[in-house]
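First the structure, in the form of structure tokens, and then the observations on it.
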Amino acid sequence: MTLITDIRLRRVLDSRGNATVEADVLTESGGFGRGKAPSGASTGEYEAIELPANEAIAKAREEALPRLIGEVHAGNQRDVDAALHAADGTDDFSGIGANSAVAISMAAAKAGADVLGAPLYQHLGGTFRGNEYPTPLGNIIGGGEHAADATNIQEFLAAPVGAPSVEEAVFANAAVHQEVHDILADRDLPAGKGDEGAWAPSVSDDEAFEIMDEAVETVADDFGFAISFGLDVAGAELYDDEADGYVYDDGVKSTEEQIEYIAGKVEEYDLVYVEDPLDENDYEAFADLTAQVGDQTLVCGDDLFVTNVERLQAGINADAGNSILIKPNQIGTLTDAVDAIELATASGYESVVSHRSGETEDTTIAHLAVATDAPFIKTGAVGGERTAKLNELIRIEDNAV
Ligand SMILES: C=C(OP(=O)(O)O)C(=O)O
Ligand SMILES: [Mg+2]
């Protein structure tokens with residue numbers, strides 16, 4: 143029933159206005175699924191390779207489609223993804239492009255779910271999955287590679303840890319976003335938005351910490367539950383080999399100073415989440431910070447682990463971090479992403495399923511987070527390509543998909 147009978151690939155727009163790959167998968171019994179590849183800006187050095195959309199489409203048509211159409215069942219996700227790897231023939235999807243691979247992988251999963259008549263999260267997670275919903279981490283203030291002339295730290299993320307439901311959590315994050323707008327207006331600080339819809343004011347990181355703290359407290363009082371906050375430092379973007387340290391507007395921090403700085407902020411603001419606080423090649427520094435604050439906060443590897451089981455295993459061996467960011471396009475297929483989540487869970491690491499800064503209206507990651515019982519999902523706070531996932535989570539919670 144789920145035998146793949148056709149795959150169509152096309153170029154569509156992402157949220158930055160760049161071209162990305164959209165895949166349609168059709169099955170023998172009329173099942174249909176559509177997936178779109180997102181795209182990063184602060185990409186990790188070890189990520190799977192995204193090709194220009196036209197090139198990725200041409201390569202996938204030539205190499206992958208003959209191995210999938212009439213050959214593989216969309217309901218067997220591991221077979222679909224193994225065929226994508228075989229068609230690619232490299233370690234990093236540079237043959238057909240991770241953008242073609244992930245679009246086809248997600249489209250096949252949706253086609254499989256369509257034939258089964260089940261929601262995607264049910265197809266991916268099975269009937270024995272847990273009944274947890276992820277807490278959404280909402281990007282509220284940001285800079286780094288996502289906005290010019292703004293904070294050095296890439297993302298200040300609201301974390302509504304006390305929310306009684308996904309719906310309340312999503313609305314709390316939107317309220318924090320609005321509250322920050324009001325605080326910025328009171329301080330006469332004009333702000334545009336970065337790639338993910340976060341405010342991108344020209345303020346110091348210290349001022350951004352203060353503003354976040356004030357905003358989450360105000361909204362927590364209004365909503366009546368705890369809201370904390372966290373960071374994506376995107377440390378690899380700040381680290382500079384020549385400077386031998388982390389380059390901030392107000393000076394360079396050595397690795398030891400960076401560890402001390404982040405540990406200090408975890409204490410001062412009770413941060414619940416710190417992503418990529420250090421460079422993507424520095425397992426040792428991650429381990430040092432984790433030893434200091436890992437019992438208080440999630441120390442999450444994004445560019446460090448790139449959703450890759452080998453890099454995650456190296457981190458587990460080194461006690462580096464205690465959680466992993468999961469971005470399916472960073473590794474190329476849903477199977478690889480789920481393998482990383484399973485290794486993380488088995489090793490006591492938490493998984494945080496994530497969007498990219500360049501996004502589409504695709505909602506697969508909302509389903510993946512629920513399917514795998516991920517405790518957090520990072521998918522913005524506002525903006526159509528972000529609310530596509532947030533609203534889908536609300537629907538999943540409401541049994542309305
Ligand atoms: C979402 C992120 O940004 P990008 O997609 O640019 O890597 C991130 O760094 O976590
Ligand atoms: Mg990151």
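Residues in the sequence shown are numbered consecutively from 143, following the numbering used here. Virtual Cβ for every residue (Gly too), placed ideally from N, Cα, C.
Counting C-beta pairs with one atom in each stretch, the segment 179 to 187 and the segment 258 to 268 have fewer than three that are closer than 8 Å, which means they do not touch.
Classified as buried, PRO276 has 16 or more neighbouring CB atoms from the shown chains inside 10 Å of its CB.
Per the C-alpha coordinates, the member of GLU204, LEU299 and THR477 positioned closest to GLY217 is THR477. The segment 492 to 505 makes contact with the segment 516 to 524: 3 or more CB pairs, one atom from each, lie closer than 8 Å. If you draw a straight line from the Cα of TYR388 to the Cα of ALA357, it comes to about 28 Å. Taken from the Cβ of GLY177, every heavy atom of ligand 1 lies 7 Å or farther away.
The straight-line gap separating the alpha-carbon atoms of ASP424 and THR162 is approximately 32 Å.
The shortest CA-to-CA distance from GLU426 to any of HIS215, TYR411, ALA462 and ALA508 is the one to ALA462. The C-beta distance from ALA482 to LEU510 rounds to 11 Å, too long to meet the 8 Å contact threshold.
Cβ atoms of LEU446 and ALA405 stay farther apart than 8 Å, at about 17 Å. Buried is the label assigned to ASN241, since at least 16 other Cβ atoms lie within 10 Å of its Cβ. Contact annotation: GLY372 and LEU279 have beta-carbon atoms nearer than 8 Å.
With a cut-off of 7 Å, the C-beta of LEU467 is classified as near ligand 1, since at least one heavy atom of the ligand falls inside that distance. Considered as a whole, the segment 460 to 538 harbours 470 to 473, 476 to 488 and 506 to 513 as its complete alpha helix (DSSP H) runs of no fewer than 4 residues, in chain order.
For ASP374, the enclosing beta strand (DSSP E) stretches over residues 370 to 374. Annotation for GLY239: no alpha helix (DSSP H) segment contains it, and DSSP assigns it neither H nor E. Bridge pairing for ASP166: ARG150 and ARG176 [DSSP]. Secondary structure of GLY182 (DSSP, three-state): coil.
Secondary structure at TYR263: helix, using DSSP grouped into helix, strand and coil.
Within the same chain, Cβ atoms closer than 6 Å to the Cβ of LEU193 are found at GLY239, the five residues on either side in sequence being excluded. Of the candidates ASN196, GLY186 and ALA260, ASN196 places its Cα closest to the Cα of LEU155.
Ranked by Cα distance from LEU210, the first of ASN541, THR397, VAL408 and ASP148 is ASP148. For the 8 Å CB-CB criterion, ASN315 and TYR390 do not form a contact. Separation of THR144 and GLU213 (C-alpha to C-alpha, rounded to the nearest whole angstrom) is 11 Å. In terms of CA proximity to ALA333, PRO343 leads the group SER157, PRO343 and GLU384. Counting along the chain, the unbroken alpha helix (DSSP H) around PHE351 starts and ends at 347 to 365.
One alpha carbon belongs to GLU492, the other to GLY436, and they sit about 12 Å apart. One alpha carbon belongs to VAL361, the other to ASP348, and they sit about 20 Å apart.
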